[in-house]
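Working notes, structure below.
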Amino acid sequence: MLLGRRAMDKSRPSREHNLVEWARPLLIRNKKLMRILDPRMEGQYSARTAMKVANLAYQCLSPNPKGRPVMNQVVELLETFQTKARDEETMINSGGGGITLYEAPSKSSPHSRNPARSESHRETSAAQGSKLENERSKSEPPKEVDL
Numbered sequence: 001m002l003l004g005r006r007a008m009d010k011s012r013p014s015r016e017h018n019l020v021e022w023a024r025p026l027l028i029r030n031k032k033l034m035r036i037l038d039p040r041m042e043g044q045y046s047a048r049t050a051m052k053v054a055n056l057a058y059q060c061l062s063p064n065p066k067g068r069p070v071m072n073q074v075v076e077l078l079e080t081f082q083t084k085a086r087d088e089e090t091m092i093n094s095g096g097g098g099i100t101l102y103e104a105p106s107k108s109s110p111h112s113r114n115p116a117r118s119e120s121h122r123e124t125s126a127a128q129g130s131k132l133e134n135e136r137s138k139s140e141p142p143k144e145v146d147l
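Sequential numbering from 1 applies to the sequence shown in the UniProt record's numbering.
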């Protein structure tokens, strides 16, 4: 999504055939990341938002399953990034809209009907996140999600 490339592309140089193997190390190097981002997305996001999404993608691509965030954490983070990006865009240009990083249905969410369950779910997610952090491989970098 960030790079605009296929997961496997034999038309690229051999070291770039497998997108995950080639791009994962570059996702946490800000200068290199900015060079490999899909140019068709230019101007649709801030550099800060792109770096946050890339950091999240890096974590999702961890070779160690215990080092990956669970999907509800990914969704929550993407929604937070989207909200912050919209807020930044609104501050910069009061007449403009934001960008869409992820679109989630608002009315069909089971958590929106039961606020107590939603709060309990957030606490469980936070506890799971702490547990996952403690169980990560020594070769994995610490999860750094700067909100």
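Idealized CB from N, CA, C, for every residue including glycine.
Item: What's the gap between the Cα of K84 and the Cα of Y45?; Value: 11 Å
Item: Would a check of beta-carbon distances place M1 closer than 7 Å to chain D?; Value: No chain D is present in this structure, which holds just one protein chain.
Item: With 16 as the cutoff for other CB atoms within 10 Å, does K32 come out buried or exposed?; Value: exposed
Item: When burial is assigned at 16 or more other CB atoms within 10 Å of the CB, is N55 buried or exposed?; Value: buried
Item: Taking M1 as the reference, give the member of R48, I36, I92 with the closest Cα.; Value: I36
Item: What does DSSP give as the partner residue(s) for S8 in the beta ladder?; Value: The displayed chain sequence assigns Met, not Ser, to residue 8. M8 pairs with N18.
Item: Cα-Cα, which of P13, T49, E16, S11 is closest to L77?; Value: T49
Item: Buried or exposed for G67, please, with buried defined as at least 16 other CB atoms from any protein chain shown within 10 angstroms of its CB.; Value: buried
Item: Rounded to a whole number of angstroms, what is the C-alpha to C-alpha distance between F81 and K52?; Value: 8 Å
Item: Sorted by chain position, which residues of the same chain lie with C-beta nearer than 6 Å to V20's C-beta, five sequence neighbours on each side aside?; Value: L61
Item: Starting from the C-beta of K10, find all residues in its chain whose C-beta is less than 7 Å away, skip the five residues before and the five after it, and write them out in chain order.; Value: H17
Item: Can you have a look at A47 and say buried or exposed, based on whether 16 or more other CB atoms are within 10 angstroms of its CB?; Value: exposed
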